[in-house]
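The working numbering puts the first residue of the sequence shown at 119, with every later residue one more than the last. Positions of the beta carbon are idealized from the N, C-alpha and C atoms, including for glycine.
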Amino acid sequence: MMKRVAAVIFTLIMVFGLVACNGSEAQGRVKKAADLGQSKDEEENAMSLPETQSTEQATPDIEKSNILVAYFSATGTTKELAEYAADILSADIYEITPEQPYTSDDLAYYTGGRADQEQNDPDARPAITGSVANMERYDVVLLGYPIWHGQAPRIISTFLESYDFSGKTILPFCTSHSSEIGSSADDLHSLAPDAVWLDGERFAQGASMEEIEKWLEKNDINVTSVQAESIAAAKVGEFDFEKRTVMLNSGYEMPIVGLGTYSLSDEECYNSVTALLEAGGRLIDTAYMYGNEAAVGRAVRDSKVPREEIFVITKIYPGEQYQNPEKAIQDSLDKLDIGYIYARVIIGTS
Ligand SMILES: Cc1cc2nc3c(=O)[nH]c(=O)nc-3n(C[C@H](O)[C@H](O)[C@H](O)COP(=O)(O)O)c2cc1C
Numbered sequence: 119m120m121k122r123v124a125a126v127i128f129t130l131i132m133v134f135g136l137v138a139c140n141g142s143e144a145q146g147r148v149k150k151a152a153d154l155g156q157s158k159d160e161e162e163n164a165m166s167l168p169e170t171q172s173t174e175q176a177t178p179d180i181e182k183s184n185i186l187v188a189y190f191s192a193t194g195t196t197k198e199l200a201e202y203a204a205d206i207l208s209a210d211i212y213e214i215t216p217e218q219p220y221t222s223d224d225l226a227y228y229t230g231g232r233a234d235q236e237q238n239d240p241d242a243r244p245a246i247t248g249s250v251a252n253m254e255r256y257d258v259v260l261l262g263y264p265i266w267h268g269q270a271p272r273i274i275s276t277f278l279e280s281y282d283f284s285g286k287t288i289l290p291f292c293t294s295h296s297s298e299i300g301s302s303a304d305d306l307h308s309l310a311p312d313a314v315w316l317d318g319e320r321f322a323q324g325a326s327m328e329e330i331e332k333w334l335e336k337n338d339i340n341v342t343s344v345q346a347e348s349i350a351a352a353k354v355g356e357f358d359f360e361k362r363t364v365m366l367n368s369g370y371e372m373p374i375v376g377l378g379t380y381s382l383s384d385e386e387c388y389n390s391v392t393a394l395l396e397a398g399g400r401l402i403d404t405a406y407m408y409g410n411e412a413a414v415g416r417a418v419r420d421s422k423v424p425r426e427e428i429f430v431i432t433k434i435y436p437g438e439q440y441q442n443p444e445k446a447i448q449d450s451l452d453k454l455d456i457g458y459i460y461a462r463v464i465i466g467t468s
């Protein structure tokens, strides 16, 4: 028994092998056999990095976001909230900057000054300096502005008319002294008619980061899988010895302390996997051929370790399983009975 428990091995060598095998093997999280195709697509996405160019004024170290926070802010109130959103989402941020800056006289409202005049003229289009590079890269645009006489400043119209927003989701937000968002966001829809417009939100001056976070959650805006995969892809092959993980080319972090269960059957296997999990190991390598998938599954189910922390690998063998991989995976899922596996699908033999 002790000998078997000692089979809790550090699998660094195997891990190196897995990371290196990107040509002949594919790893992906498989929830059920029918997800296979999707996993492959996701993997391909993860492997093809988007262009690294970013917006001209974007945060330089975040180049792969598919979310853009674009905002205009004359006195800094909206800017602060835009920065919160960009921070929370690890999104790119772009400030809509007027070619001719607004002076305090321009902004003094109800004086007939420049801002008043622009707001009185629906056709006013104040020029913008700079532009968003690669706007096509973004799927979601958060659009922030201050309320000016119940509306978005006309420079927002200039911005919306400058790009093709077809198919992009736009989530407006605004700040104001006291006015609600009113019709200000709805009135922008005709300027980007092919975008998917979400309902906008108004924030008071000094709104907190938590408020912004809640608002983003409410709208289901988060770091998308595409973005997460892109970020992950940049780290493929990197070992994190503190977290005890390595980044796979599928974008998943695989634990590096684990157990190979070859030759372990039933109770031996159950006890060994249980010992591994208690000792902090999180990677389990099993196979249909080992005849112990059910025991692995039972140990995983019985353990108090959260399921998502446990990385279970099983395999597909040449022959009958190659003929019907979906069935092979489904059989493994049924035997394991742990919801999903991180499958190591062996495509070639060696
Ligand atoms: C020309 C102009 C018009 C404004 N109109 C309104 C208004 O109709 N309702 C309101 O509550 N605040 C109004 N404000 C105040 C701004 O909306 C508010 O101060 C905003 O938070 C400023 O954002 P910023 O610092 O990002 O520019 C107006 C400000 C200006 C300069």
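As computed with DSSP, residue 322 is found in a beta bridge with 294. Judged by beta-carbon spacing, residue 428 lies within the 8 Å limit of residue 402, meaning their Cβ atoms are closer than that value.
Contact check for residue 249 and residue 210: beta-carbon distance about 13 Å, past the 8 Å limit, so the pair fails to qualify. Following the DSSP letters along the chain, one finds residue 213 inside the beta strand (DSSP E) bounded by residues 210–213. Residues of the same chain with a CB within less than 8 Å of the CB of residue 234, apart from the 5 flanking positions on each side, are 227, 228 and 267 in chain order. Closer than 7 Å to some heavy atom of ligand 1: that describes the Cβ of residue 191. Relative to residue 418, the option among 390, 444, 440 and 409 whose CA is nearest is 390.
Beta-carbon to beta-carbon, residue 300 and residue 189 are separated by about 18 Å, too far to satisfy the 8 Å threshold.
In the structure shown, residue 239 falls within a coil segment according to DSSP collapsed to helix, strand and coil. Listed as beta-bridge partners of residue 371 by DSSP are 365.
CA-CA distance, residue 307 to residue 408, rounds to 60 Å. Scanning its chain for C-beta atoms nearer than 8 Å, with the 5 sequence neighbours on each side dropped, one finds around residue 239 the residues 272, in chain order. For residue 384, same chain residues with a beta-carbon under 8 Å away, outside a window of 5 residues either side, are 410 and 413 in chain order. Beta bridge pairing from DSSP links residue 218 with no other residue. For residue 188, no alpha helix (DSSP H) segment is defined; the enclosing uninterrupted segment is the beta strand (DSSP E) at 185–189.
Sequence-distant Cβ neighbours of residue 330 in its own chain, meaning closer than 7 Å and more than five residues away, are 199, 202, 203 and 206.
Under the three-state reduction of DSSP output, residue 399 falls in the coil class, being neither helix nor strand. Between residue 435 and the set 459, 405, 363 and 420, the nearest pair of CA atoms involves 405.
Exclusion of the five residues before and after residue 392 leaves 417, 420 and 421 as the residues of its chain whose Cβ lies within less than 8 Å of its Cβ. Residue 361 and residue 459 have their alpha carbons spaced roughly 20 Å apart. Boundaries of the alpha helix (DSSP H) harbouring residue 415: 411–420, taken from the DSSP string. When beta bridges are read from the DSSP output, residue 358 appears opposite 363.
Boundaries for residue 429: no alpha helix (DSSP H) harbours it, while the beta strand (DSSP E) harbouring it runs 429–431, taken from the DSSP string. Boundaries of the beta strand (DSSP E) around residue 263: 258–264. Under DSSP, residue 287 takes part in a beta bridge, and its partners are 258 and 314. Apart from sequence neighbours up to five positions away, the residues of its chain that approach residue 246 with a beta-carbon distance below 8 Å are 214, 215, 216, 217, 273, 276, 277 and 280, ordered along the chain.
Taking C-beta atoms under 8 Å as the contact rule, residue 244 and residue 236 qualify, at a distance of about 6 Å. If you ignore the 5 residues before and after residue 224, its C-beta comes within less than 6 Å of the C-beta of 231, 232 and 233, all in its own chain and listed in chain order. In this structure, the straight-line span from the alpha carbon of residue 425 to that of residue 396 is close to 13 Å.
Secondary structure note for residue 306: it is in no alpha helix (DSSP H), with a DSSP letter that is neither H nor E.
Counting along the chain, residue 451 sits inside the alpha helix (DSSP H) bounded by residues 443–454. If you check the CB distance, residue 303 and residue 283 do not come in under 8 Å. For residue 197, the shortest separation between its Cβ and any heavy atom of ligand 1 lies below 7 Å. Annotated as distal: residue 363 and residue 293, with beta-carbon spacing of 8 Å or more. The closest CA to that of residue 367, considering only 355, 251 and 380, is found on 355. Closer than 7 Å to some heavy atom of ligand 1: that describes the Cβ of residue 233.
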